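The structure appears below as structure tokens.
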Amino acid sequence: MFSVNPWVPATKKELVQSISSVYRGEEQRFRQMSKKQLLAIFFYLRRTRGLFN
Numbered sequence: 030m031f032s033v034n035p036w037v038p039a040t041k042k043e044l045v046q047s048i049s050s051v052y053r054g055e056e057q058r059f060r061q062m063s064k065k066q067l068l069a070i071f072f073y074l075r076r077t078r079g080l081f082n
């Protein structure tokens with residue numbers, strides 16, 4: 030039995046928008062990060078705060 034993975038942003042732009050919705054005003058900083066770094070933050074927020082499910 031496979032569990033369906035919750036939504037994950039496909040593009041770096043979507044990742045930046047998702048994370049920026051949590052950390053207001055930090056969008057410029059997130060744009061400079063790599064997609065790998067952004068994914069790490071995304072999954073951290075999902076795990077610790079239950080966001081993006």
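Residues in the sequence shown are numbered from 30 upward in steps of one, following our numbering.
Backbone N, C-alpha and C fix where the C-beta goes; we use that ideal spot for every residue, glycine too.
These figures come from a predicted structure and were not determined experimentally.
Can you list, in chain order, the residues of its chain whose CB lies under 7 Å from that of residue 59, leaving out five sequence neighbours each side?
45, 48, 49 and 67
What span of residues does the alpha helix (DSSP H) with residue 46 cover, start to end?
Where residue 46 is concerned, the enclosing alpha helix (DSSP H) stretches over 41 to 49.
Do residue 36 and residue 81 count as a contact pair if the criterion is CB distance below 9 Å?
yes
So which of 64, 51 and 70 has the shortest CA-CA distance to residue 42?
64
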